[in-house]
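What follows is one structure encoded as structure tokens, with my remarks underneath.
In our numbering, the protein residues as written are 687 to 818.
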């Protein structure tokens with residue numbers, strides 16, 4: 687099954703652990719790009735209150751396309767997905783004041799993947815920068 691079909695299956699049956707495991711398995715070995723279709727499905731699942739069911743996938747969702755940034759920005763107001771939102775926006779160079787605390791909190795979190803992504807945002811791209 688391809689990734690898009692797995693997300694559609696997850697949307698239709700968000701309580702089916704098998705769909706989540708299949709998507710997670712892809713995320714562990716490949717990228718889960720935040721395409722418009724995936725963003726809309728996540729948005730719908732958030733509307734249905736299914737954030738906790740899909741939160742295990744959040745560390746592997748990357749690179750939102752520009753067209754989904756408004757959706758990602760809206761997620762910031764939801765306590766259960768604001769960390770994902772802040773991280774995705776920061777990685778896309780959309781950093782705003784209220785997101786900074788959330789991003790710093792991710793450094794203190796217990797998810798290695800999220801901490802690694804935050805460290806990449808914070809560190810200068812060069813090891814020995816001449817300019818800050």
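Don't be surprised by glycine CBs; every beta carbon is placed ideally from N, CA and C.
Quick caveat: nothing in here was measured; it's all calculated off a predicted structure.
Looking at 722, 790, 742 and 731, the one whose alpha-carbon comes closest to that of residue 755 is 722. CA-CA distance, residue 788 to residue 702, rounds to 30 angstroms. Straight-line measurement puts the Cα of residue 757 at about 7 angstroms from the Cα of residue 725. Between the region 706 to 719 and the region 736 to 747, the count of C-beta pairs closer than 8 angstroms reaches three or more; the two stretches touch.
Per the C-alpha coordinates, the member of 707, 807 and 753 positioned closest to residue 781 is 807. Sorting 720, 731 and 688 by C-alpha distance to the C-alpha of residue 699 places 731 at the top.
Here the C-alpha atom of residue 687 lies approximately 18 angstroms from the C-alpha atom of residue 720. For residue 809, there is no enclosing alpha helix (DSSP H), as DSSP marks it with neither H nor E.
In the three-state scheme derived from DSSP, where H, G and I count as helix and E and B as strand, residue 781 is classed as coil.
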